[in-house]
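Everything on this sheet refers to the single structure shown next.
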Amino acid sequence: MEKTLYLPVKAFLENAGYAVKGEIGGCDLVGISDGEPSVVVICELKLTFNLELILQAVDRAALCDEVWIAARISARGKGRESDKRFRDLCRRLGFGMLGISDSGAVSVIVASVTPMPRTNPKRRSRLIKEHQRRRGDPMLGGSTKIPVMTAYRQQALTIAAALEAGPLRPKDMKLMAPEAGNILRGNVYGWFERVERGVYALTDAGRQALLRWPQTTVVE
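What follows is the structure, given as structure tokens:
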């Protein structure tokens, strides 16, 4: 699965000075540098280099300053990473290529060209905002068929954990969850119910969510 490639690539980019988190805005991996302006890097993961990986990278190019694609290196040396045409295509598009060995070693096959044109500032801004708001790095990039642990879901779980002890008002949770009022009123996941004006309690669905995602500790 692609998520097995996430930690080696994450470590590679962190060593290059980026704060890296997975599964943000549909991207397998997003890295943001310190400083102003920030440099945003996106890396898409696949088990093998293929056209679909290139197409994903083309879509991501509107969001960031650098695009990388990463895949396992073929043990027999017959993968796309050995195809000069594929490497040249990445160079022409400005995309970097990372190869991951079976041992998890990461090598640069093609260097990324930076900076790339920022063609969609709104999507880029949403990506940075989600990266900054998300606590820790709760998702392995490349994960599929499971709910994404967004910053919104993290706050909703924090609220649910607080309501385990009994009904509360949004202002009682403002410090731990700045968007408590909107999240409680929106009740996107069905975890909350209003028991009286301005007072909310936890539903059975909320209790089930806490069993699935325990909130005893929060890793930053």
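Every letter in the sequence shown is one number past the one before it in this note's numbering, and letter 216, counting from 1, is 261.
Think of the CB as a built atom: it goes at the ideal place given N, C-alpha and C, for glycine as much as any other residue.
- In terms of Cβ geometry, residue 228 and residue 201 form a close pair [threshold 8 Å].
- Looking only at 93, 46, 167 and 216, the smallest Cα-Cα distance to residue 122 is reached by 93.
- With respect to the 8 Å criterion, residue 108 and residue 85 are classified as neighbours on the basis of their beta carbons.
- With a 10 Å radius around the Cβ and a threshold of 16 neighbouring Cβ atoms, residue 152 comes out exposed.
- Comparing alpha-carbon positions, the option among 114, 82 and 83 lying closest to residue 91 turns out to be 114.
- The C-alpha of residue 197 is placed about 22 Å away from the C-alpha of residue 211.
- If you compare the alpha carbons of 245, 68 and 116 with that of residue 214, the shortest gap goes to 245.
- Comparing alpha carbon positions, the residue from 133, 233, 207 and 142 closest to residue 102 is 142.
- Under the criterion of beta carbons closer than 8 Å, residue 126 and residue 99 do not qualify as touching, at roughly 13 Å.
- Between residue 47 and the set 74, 232 and 138, the nearest pair of CA atoms involves 74.
- Judged by beta-carbon spacing, residue 67 lies beyond the 8 Å limit of residue 175, meaning their Cβ atoms are not closer than that value.
- Secondary structure note for residue 58: its alpha helix (DSSP H) is the uninterrupted segment 51-60.
- With contacts defined by Cβ atoms closer than 8 Å, residue 206 and residue 234 do not form a contacting pair.
- When rounded, the separation of the alpha-carbon atoms in residue 243 and residue 111 is 46 Å.
- The beta strand (DSSP E) runs of length 3 or more contained entirely in the segment 135-218 are, from start to end of the chain, 141-145 and 151-155.
- Each of 105, 144 and 147 was checked against the Cα of residue 169, and the nearest Cα belongs to 105.
- The Cβ-Cβ distance between residue 118 and residue 146 falls below 8 Å.
- Straight through space, the alpha carbons of residue 80 and residue 203 are spaced by roughly 30 Å.
- Ranking 54, 237, 180 and 129 by CA distance to the CA of residue 148 puts 54 first.
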